Every structure is written in C-alpha cells, then in structure tokens.
Amino acid sequence: MVSKNQLKLIKSLHQKKYRNEHGLFFVEGLKAVKELLNSDISSFKVFSTNPISTEFNDIEHEEIEEVDLKKISALHRPNGVLGVFKTPKPKRIDFDDWVVVLDDIRDPGNMGTIIRLCDWFGIKNLVCSKETVDCYNPKVLQATMGSIARVNISYTNLEDFITMTPLPIYGTFMNGDSIYSAELPKAGILIIGNEGNGISPKIEELIEKRVTIPQFGSPSAESLNAATATAIVLGEIRSRG
5 MVSKNQLKLI KSLHQKKYRN EHGLFFVEGL KAVKELLNSD ISSFKVFSTN
55 PISTEFNDIE HEEIEEVDLK KISALHRPNG VLGVFKTPKP KRIDFDDWVV
105 VLDDIRDPGN MGTIIRLCDW FGIKNLVCSK ETVDCYNPKV LQATMGSIAR
155 VNISYTNLED FITMTPLPIY GTFMNGDSIY SAELPKAGIL IIGNEGNGIS
205 PKIEELIEKR VTIPQFGSPS AESLNAATAT AIVLGEIRSR G
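Remember, our numbering sits 4 above the position in the sequence shown when you count from 1.
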C-alpha cells in the first residue's frame, strides 16, 4: 500500500521545482503508463486502484486507494493508474531530418499537442527555449497521450543552438512565403513562436526563410494557434517526401 511519504513525493511533482529536484515526473492513465514502461524511460513506481487487473500481469506495481489517488492526481476524475518515472537526459540531436524549435510556448495544451504532432509526423527532436513550458508538466503530459516517450526533448539557449546548427532556419509568421509554394529541403529547423507574441526579435534575426499559412476565409477570423499551425506546416513538409 502507498505510504504517506510516497503521497507527499508525488504531490510535490506537480511543481517544476520539485520535478527538477527529484529528477522525477508522473503520468496518469493505463495507456500512457504502459507506453512509457515500453520505452527507454526508466520507471520509479506504478500505482493502481485495481492491482489484480490482468493489465498488470507483467508490471511491478503497488495498490493505491481511490481516496489517496484523488489527493495526488492532476485530473478531476482520476482513472485508476499513475506511474512515476525518472526524467530522461536529452539525447544527441540528429540533424539528418527536420527539428522543431519552440520559442517561448507557454500553454500546456499547445505544448502537449506539439509533442504528439512530432510523434505523428516522425519528428524525433524537439528543442525548446528555457522559457517554454516544462514538458513534464502534468497537463502537458496528459495532452501528449504517451508521445513523450518517443520524442527527444531538450531545453537550451535558442540563439546558441540556432547559431551552431548546420540546417536552414525556417520560421512561421503571419507574413512570408506560402508554406504550400515555399522550397522545403529534406532537413531543416522549424521555429514556432509564442502564442501571443510570435517569434522573439532576437530569434527572428537568425531566421533565413519566413513561411506562412495563407488565409482563404474571412479576414476577421482569429489566427491559428501554435499547435494547429505546427500540424499544417509539418503535414506540408512530410507531403514533399
């Protein structure tokens, strides 16, 4: 049975400070937990309100009461399974394919969806500014639907990273060349800017190619959010083969 110290530890992982201090994060839901258990990410503890379930025949786990799970869950309605995992160290970045770069993405839902999109479109590397929301934020992890296990995510100074990369630098803007007619190489850097302010001025100076998603509908329509824009651009990149 889960101890009070374990509950206290998991509760602390809601905050980035303690995730960094302990080198741990947690995910919820059977599918997400199993995806991470089948990845290179090392597990720390798995808890279930239904420990005799056949889903756990090959998984080492501990029982947790529903009342205790509610105390530590990030969900309004906990779904019975919570896994604590060790935060992986970023791997070496492969520059043989496109790399998505996030310049100050703050919304956890956008962040989680972009991670999921990288997984869907086969983008192995995601590089984030230090101001971008933590990818191990519980809300981010919920939105990734387990894709966090298959995308190499690193946080760094973007100016330094962009300066040293051998790839062409593309940035998404409201004005630029249409993504549907722009020349798209086999590999490149795709920069996605902040939800409200777009790409920061310092990073904009380093961009070699400005691309945009042309608007076909009403001029009064709101601009696309960061995750939607990422989906459209990555879809066009992959459609070129």
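No residue lacks a Cβ here, since even glycine has one placed at the ideal position from N, Cα and C. Note that the structure is a prediction, hence the values are computed from the model and not measured.
Are the beta-carbon atoms belonging to N198 and D123 less than 8 Å from one another?
-> no
Helix, strand or coil at K114 [DSSP, three-state] = According to the sequence shown, residue 114 is Asn rather than Lys. Helix.
When the distance is taken between beta carbons, is G150 closer than 8 Å to K35?
-> Yes; because the gap between Cβ atoms is below 8 Å, this pair is in contact.
Does DSSP classify I97 as helix, strand or coil?
-> coil
Any idea if S77 is buried or exposed, counting beta-carbon neighbours within 10 angstroms, 16 or more meaning buried?
-> buried
Which value, in whole angstroms, describes the spacing of the CA atoms of I152 and E32?
-> 13 Å
Run through DSSP, which three-state label would C132 get?
-> strand
The beta strand (DSSP E) spanning G150 covers which residue range?
-> Per DSSP, G150 belongs to no beta strand (DSSP E) and is neither H nor E.
Tell whether a beta-carbon distance below 8 Å holds between L40 and G87.
-> yes
Does the distance from the C-beta atom of G231 to that of L73 stay below 8 Å?
-> Contrary to the premise, residue 231 reads as Ala rather than Gly in this sequence. Not closer than 8 Å, so no.
Looking only at DSSP bridge pairs, what is V85 linked to?
-> S52
Looking at the unbroken alpha helix (DSSP H) that takes in F165, where does it start and where does it end?
-> L162 to M168
Cβ shell of I241 (< 7 Å), same chain only, five flanking positions each side left out | Non-local C-beta neighbours of I241 in its own chain, meaning closer than 7 Å and more than five positions away in sequence, comprise W102 and L188, ordered along the chain.
Which residues in the same chain have their Cβ closer than 8 Å to the Cβ of S43, if we skip the five residues on either side of it in sequence?
-> Taken in chain order, the residues that qualify are A153 and R154.
Does DSSP put Y174 in a helix, in a strand, or in coil?
-> strand
Who are the Cβ neighbours of T234 in its own chain at under 6 Å, not counting the five residues just before and after it?
-> I118, L121 and I196
Which residues bound the beta strand (DSSP E) around V103?
-> V103 to L106
T91 by DSSP, collapsed to three states: which one?
-> Three-state result, T91: coil.
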